[in-house]
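Chains V and X, in that order, are what the protein sequence lines are.
Taken in order, the first sequence gives residues 2 to 397; the numbers are from my numbering.
Taken in order, the second sequence gives residues 7 to 444; the numbers are from my numbering.
The beta carbon of each residue, even a glycine, is placed where N, CA and C say it ideally should be.
Fair warning: this is a prediction, and the values are worked out from it, not measured in the lab.
Here's the structure we're looking at; comments come further down.
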Amino acid sequence: MEALQKELSKLESKANLSKPSSRIDDIIKLLEDAKASIQANPSSTKLQLAKLQQAATKEVDKLNHDVKEVYKGINSYSKALDKKFKSTSLEDIADLDYDAIGPLTGLVNRAVAMHLAREGKFNVAEIFMKEVQQRNTNDETNQIPTNLRAQFETMYEIVACIADGDLEKAIQWARQNEQRLNERRSRLEWELVKTKFLSIAETEGHAQAMLYGREQFSRFLDLYKFEIQQVVTGPMFVRSETITARPYPHLQTITSAEQREQLSAFFCREYCSLMGLSASSPLYLAATAGAIALPKLVKVSSIMKDKKTAWTSHNELPVEIPLPPSFTFHSIVVCPVSKEQTTEQNPPMMLPCGHVIAKESLERLTNRGVNGSTVTMKCPYCPKECKKSDAERIYL
Amino acid sequence: MASSALQINPESHILLDQPLLRVPQELLRKTFKTSQKHIERDTSLLLSTLKDLTKTAVSSDDPSSTSTAAVESLDTMITRFKTLKRKLDSLHTTELTLHSQSRRRLDHLDQLYAIPSLDTPAYTKWSSTRLDRMLVDYLVRQGFGETARALAEERGVTELVDVEVFVNCARIAERLRAGSTAEGMGWCGENKTSLKKMGSNLEYELRLQQYIELIRDGKKLDAISYYRKYMAGSSTPIEELRKAAALLAYNPDTPYEPYKSLFAPSRWEYLAQHFIRTHHQLFSLPPRPLLQIALTAGLSCLKTPACHARPPSAPSAGGSAPSGSSSATTTRPTTPTEAEAPSAPSPTATAFTSPTSTLCPICSTELNELAKVVPYAHHTKSEVAPDPVVLPNMRVYGRAQLEEFARRIGLREGWVRDPITGEEWAEGEGGVRSVFIA
Chain V
2 MEALQKELSK LESKANLSKP SSRIDDIIKL LEDAKASIQA NPSSTKLQLA
52 KLQQAATKEV DKLNHDVKEV YKGINSYSKA LDKKFKSTSL EDIADLDYDA
102 IGPLTGLVNR AVAMHLAREG KFNVAEIFMK EVQQRNTNDE TNQIPTNLRA
152 QFETMYEIVA CIADGDLEKA IQWARQNEQR LNERRSRLEW ELVKTKFLSI
202 AETEGHAQAM LYGREQFSRF LDLYKFEIQQ VVTGPMFVRS ETITARPYPH
252 LQTITSAEQR EQLSAFFCRE YCSLMGLSAS SPLYLAATAG AIALPKLVKV
302 SSIMKDKKTA WTSHNELPVE IPLPPSFTFH SIVVCPVSKE QTTEQNPPMM
352 LPCGHVIAKE SLERLTNRGV NGSTVTMKCP YCPKECKKSD AERIYL
Chain X
7 MASSALQINP ESHILLDQPL LRVPQELLRK TFKTSQKHIE RDTSLLLSTL
57 KDLTKTAVSS DDPSSTSTAA VESLDTMITR FKTLKRKLDS LHTTELTLHS
107 QSRRRLDHLD QLYAIPSLDT PAYTKWSSTR LDRMLVDYLV RQGFGETARA
157 LAEERGVTEL VDVEVFVNCA RIAERLRAGS TAEGMGWCGE NKTSLKKMGS
207 NLEYELRLQQ YIELIRDGKK LDAISYYRKY MAGSSTPIEE LRKAAALLAY
257 NPDTPYEPYK SLFAPSRWEY LAQHFIRTHH QLFSLPPRPL LQIALTAGLS
307 CLKTPACHAR PPSAPSAGGS APSGSSSATT TRPTTPTEAE APSAPSPTAT
357 AFTSPTSTLC PICSTELNEL AKVVPYAHHT KSEVAPDPVV LPNMRVYGRA
407 QLEEFARRIG LREGWVRDPI TGEEWAEGEG GVRSVFIA
């Protein structure tokens, strides 16, 4: 990077057209001066022209030199670029056989449109939809849930309120969607009410908060009894000498910006979940994961090309791509015997000793005898023996 | 694994970003070539004019007419150089824009070198900007120029994207589809040297089309002289030239190949595609939108067998939990959620305690259909919550996660509750057993 920065600085400071341009000014001046001298004294024309020719030749030489400098600058900048990217040519990327989604433009467009709406870029989304309609295509791009925009607008409205420290709108929304939130076993409403209680306690005093709590808490008694106890007694300790002396350091009020942000994020997550959408943009996650993975995939594909081998398993990537933990969304169980991922058809089975293998591996290991089910097998990991029927399916 | 998974290797990470710097550099070169051409033409004219003037002045014996002629010539030259100056200044302005564009882009890439790991807010921000770039690139390539401009504007990435280059490319391609080679030929002229270096045959293909059109119009003599002038001397392989020459013997409605396809109207579409390919190659632009490439790879990396196993919104409760209990417990929200957790949750915990699968981007409505066509990620190691335990209903959780949940909801000491089904057990007596997942 430094080399590139340096070369670019050279272009900016000297290897550019400003010098040739001022040199042309000089030439114009030269011509004008000569013209003036000739007009003033026509008899000196011969002399003036000879002088001019000499001077102009010199200036043109200089100009050519200046131009050459610019050329050199541009050249060494592009050489630095070549060097920077020499290990990876774009043809390698182009060669990658990862274009399965190429023909599915409609679906990609739809994902893009939903991403725009999700990020709150409603204006851009609108322009996009207009352009799509102008093209009059009848593909999936148009199959965006029509109320999506309205829903995201509501979401951003509520988030704005939370940012202002006003939770009432969010609480109202949670109450309206109580049933569906409960199906998700979401604690959203309780968290909002709890935070509001604490905020009242902080700004208007405990007594005022108790009034609010008396009105609200009964509906949460069943589930959050223990937490209600904490919340109600928490404010008593607010004025403790040291923060750590407070018994419930995790009770926070809306006054902290961090808490507001967390609450907004939590709200958005629940809101999106009810819409059947993940909390952060899937397009962002997928594109980022792809960018992380591509260098490795390019390398693998070029190695495979060199060795003229092909990856035979078509429904799986050829290499493992390590992604940050925040990019893991499902538990993954790889059978230590078959090295395959477990699936609904080939689920993970726990042996009595607690070790887990895939169902197909279990069957292979216990089917060696004549009548499969009575044969015992040794656990691949420990000395314990068991029968096929002893293994139980686990759920992750 | 965790540490290596979080590391950024900026050198390879910017693999996709080569065009970011290549496009302004290529434009810079083009700007320079144009200015060089202007300068060369005008200076050589100046020098030869001056030479002639001096010569005539020496040989002439009429000083007054010599001086008038000289002044006249000088005037022409002055005007000419003033025009040159104007052209050069406007090219210089272009150049400055390209410099500042390059500078912005270099700085953007440079930022990555300062980011310590993939799970920092700084990386998220950087990657969001990259996504914006990819989106603009995708949109403009798909022909949604308005949207692309609006998005670039709104996200403040106008200096990081090349909208005009694509709009220009699309315009020329569109003209080719409409049966006009003029714009394409013009472009070839502007980029002659680069095309030659690439070994591109685009110019020949366009010439061939003009030649074909002459034959189609019945102007065979014109076609022959055109062939002599522009095609015969080119470096095109002799077989190609022969094929073109033989075309003279056929009528546009010939049923014989390869001449039939040379006359075919579909050749215009081929030329348009060929032009776009050459154009992208010249600017080191990948033939397909980066978004598409990254998305395909990314979908694969994230895809697990579970993503298409059932409808994304279906609850994942199952196992030996009584089927009636899920409806009975709907009023008992017991799922721990981490956003408001007192201690900052580790990302791993977030990942594994999701009660339903709606958090996964592949399971989400946006990408679910799209991900159907890509392969699964390859995993050689299991990824489950640390210290996994199994409950009597055969559901597996991380031990710490269960304990934390029990503490928060205030369960009796030594008891746990299944966060999904709501069942409760005492920890001992086989209530919570360790499970070993390799």
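Taking a cut-off of 8 Å for Cβ pairs, the region 124-143 of chain X and the region 70-89 of chain X do not touch, as fewer than three such pairs fall below it. Per DSSP, the beta-bridge partners of R394/V are M350/V. Taking the CA atoms as reference points, E160/X sits about 45 Å from T427/X. By the rule that beta-carbons nearer than 8 Å mark a contact, V194/V does not touch chain X.
Note on L264/V: 16 or more other CB atoms within 10 angstroms of its CB, so buried under the neighbour-count rule. Contact annotation: D67/V and P104/V have beta-carbon atoms that are not nearer than 8 Å.
Taking all protein chains in view, the Cβ of G74/V is crowded by 16 or more other Cβ atoms within 10 Å, so the residue is classified as buried.
Boundaries around C387/V are those of the beta strand (DSSP E), E386 to K388, since no alpha helix (DSSP H) includes it. Under the DSSP definition of a beta bridge, W421/X partners with A432/X. For the C-beta of I128/V, the chain X residues within less than 9 Å are, from N- to C-terminus, F150, E152, T153, R155, A156 and L157. The straight-line gap separating the alpha-carbon atoms of P295/X and T386/X is approximately 31 Å. Here the C-alpha atom of Q6/V lies approximately 47 Å from the C-alpha atom of M276/V. A161/V counts as exposed, since fewer than 16 other beta carbons sit within 10 angstroms of its beta carbon. Cβ proximity to chain V below 9 Å picks out M83, I84, F87, K88, L90, K91, L94, D95 and L97 from the region 83-97 of chain X. If you look at V357/V, you'll find it in the beta strand (DSSP E) that goes V357 to A359. DSSP places I28/V within a helical segment (H, G or I) once states are collapsed to three. In the DSSP assignment, the residues bridged to E389/X are I333/V. In chain order, L212 place their CB closer than 7 Å to the CB of M191/X, counting only its own chain and leaving out the 5 sequence neighbours on each side.
Using a Cβ-Cβ cut-off of 8 Å, S22/V is close to K91, L94, D95 and H98 of chain X, given in chain order. Inclusion of L115/X and D23/X in the CB contact set at 8 Å is warranted, their separation being smaller than that value.
Chain V places no beta carbon closer than 8 Å to that of E419/X, leaving this residue out of the contacts. Per DSSP, reduced to three states, the secondary structure at T377/V is strand. Below 8 Å, too few C-beta pairs join the region 277-296 of chain V and the region 196-215 of chain V to call them touching: fewer than three. Those residues of the region 321-338 of chain V placed with their C-beta closer than 7 Å to a C-beta in chain X are E321, I322, P323, L324, P325, P326, S327, F328, T329, F330, H331, S332, I333, V334, V335 and P337, ordered along the chain. When DSSP states are grouped into helix, strand and coil, Y256/X belongs to the coil group. Against chain X, a Cβ distance below 7 Å from G355/V picks out R439, S440, V441 and F442. Residue pairing for P394/X: DSSP places it in a beta bridge opposite G404/X. Around the beta carbon of D228/X, fewer than 16 other beta carbons sit within 10 angstroms, so the residue counts as exposed.
The criterion of a C-beta distance shorter than 8 Å is not satisfied by V357/V and I333/V. Those residues of the region 278-307 of chain V placed with their C-beta closer than 9 Å to a C-beta in chain X are L278, S279, A280, S281, S282, P283, L284, Y285, L286, A287, A288, T289, A290, G291, A292, I293, A294, L295, P296, K297, L298, V299 and K300, ordered along the chain. By DSSP's assignment, F442/X forms a beta bridge with H356/V. Contact annotation: L50/V and T60/X have beta-carbon atoms nearer than 8 Å. For E372/X, the secondary structure class from DSSP, reduced to helix, strand or coil, is helix.
Close partners of V396/X in chain V (Cβ separation under 7 Å): M351 and I395. In summary, S274/V is buried, with 16 or more beta-carbon neighbours lying within 10 Å of its beta-carbon over all protein chains present. If you ignore the 5 residues before and after I121/X, its C-beta comes within less than 7 Å of the C-beta of I14, A128, Y129 and W132, all in its own chain and listed in chain order.
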